[in-house]
Each structure stands twice: as C-alpha cells, then as structure tokens.
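The structure appears right after this line, and notes come after that.
Here is the structure:
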C-alpha cells in the first residue's frame with residue numbers, strides 16, 4: 129500500500145473488509161457445524177428447521193467475523209498511535225518496532241484473558257440455569 133494517502137488506505141481497507149464479508153457470506157456451512165450453536169442456546173424440545181439453523185449460524189459467524197475485524201482494527205490503531213511517532217523514515221525504527229511488539233503482545237494477552245473469564249462466567253451461568261444477559 130505504498131504510495132497511497134491515509135484516506136486511500138482506509139478506503140482500500142474498507143473495500144477489502146466488504147469483499148471478505150461478501151465472500152464469507154457465500155460459504156456453505158456443514159450440517160455438523162450448524163448443529164453446534166443451537167444445542168446450547170435453545171431448549172432441547174425446541175424444533176428448528178435446517179434452514180433456520182443454517183441462517184442463524186451464518187449470522188452468528190458473520191457477527192464473529194465483524195467483531196474480529198473490529199478488534200484487529202482497534203489493535204492496529206492503538207499500537208500505531210501509542211508507538212509510531214517518527215515519520216522521517218519509511219520503516220519503523222527499532223524503538224518503535226519494540227513498542228509495537230510489546231503493545232500487540234499485551235493486547236493479545238489481555239484479550240485472551242478476557243475471553244477466558246467470559247467463558248468461565250458463561251459456563252457458570254449455564255450450569256446454574258441462568259440465561260446470559262439476564
């Protein structure tokens with residue numbers, strides 16, 4: 129993306145995200161994957177059509193992808209803003225590179241820990257019979 133202005137880079141990134149989302153939405157999910165989500169979210173006696181299962185699985189996966197892309201975008205923006213401040217060279221200087229590596233490492237570790245805690249809380253709520261968000 130050398131030679132592009134900042135606004136052109138943002139436009140390019142947005143177009144790539146839209147293209148990836150469009151390609152993703154055309155992917156067909158195997159039946160075994162589609163069964164996974166409603167086993168946990170719906171009562172065992174609840175009947176749901178294969179089409180509805182596939183549609184809901186696709187929506188949940190699309191939201192998951194959008195969340196991941198948003199998280200990645202925030203990571204890039206935050207680490208860039210915190211670490212990169214010398215624009216006199218084309219590449220990062222060693223201090224900036226080290227800062228970016230520490231920033232990414234810290235972000236990924238904290239995100240992983242938050243995910244673990246969320247899963248622990250979710251498992252505890254499922255075990256106690258509470259529905260998430262209530």
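In this note's numbering, the protein residues as written are 129 to 262.
Positions of the beta carbon are idealized from the N, C-alpha and C atoms, including for glycine.
Could you check the C-alpha separation between residue 200 and residue 255 for me, to the nearest Å? Position 72 of the chain shown, counting from 1, holds the residue named residue 200. Position 127 of the chain shown, counting from 1, holds the residue named residue 255. So the alpha carbons of these two residues sit roughly 32 Å apart.
Do the CB positions of residue 212 and residue 225 come within less than 7 Å of each other? Taking the chain shown and counting its residues from 1, one reaches residue 212 at position 84. Taking the chain shown and counting its residues from 1, one reaches residue 225 at position 97. No. Outside cutoff.
Backbone secondary structure at residue 187 - three-state DSSP: Mapped onto the chain shown, residue 187 falls at position 59. In this structure, residue 187 counts as helix in the three-state DSSP scheme.
Pairwise C-alpha distance: residue 257 and residue 138: For the purposes of this step, residue 138 is identified with residue 10 of the chain shown, where counting begins at 1. For the purposes of this step, residue 257 is identified with residue 129 of the chain shown, where counting begins at 1. Going by the C-alpha atoms only, they are around 45 Å apart.
Can you tell me whether residue 221 is buried or exposed, with buried defined as 16 or more other CB within 10 angstroms of its CB? Along the chain shown, read from residue 1 onward, the residue named residue 221 stands at position 93. Exposed.
Among 245, 240 and 207, which one has its Cα closest to the Cα of residue 230? Numbered from 1 along the chain shown, position 102 holds the residue referred to as residue 230. Closest option to residue 230, Cα to Cα, is 207.
Limits of the unbroken alpha helix (DSSP H) element including residue 240: Numbered from its first residue, the chain shown carries residue 240 at position 112. Residues 222 to 256.
For residue 145 and residue 197, which I take to be in contact (beta-carbon distance under 8 Å), what is that distance rounded to the nearest angstrom? Within the chain shown, the letter at position 17 stands for residue 145. Within the chain shown, the letter at position 69 stands for residue 197. That pair is a contact at about 6 Å.
To the nearest angstrom, how far is it from the Cα of residue 140 to the Cα of residue 132? Along the chain shown, one-based indexing puts residue 140 at 12. Along the chain shown, one-based indexing puts residue 132 at 4. Each residue's Cα considered, the two are about 9 Å apart.
Select from 176, 239 and 228 the residue whose C-alpha is nearest the C-alpha of residue 195. As a position in the chain shown, residue 195 is number 67, starting the count at 1. Measuring from the Cα of residue 195, the nearest candidate turns out to be 239.
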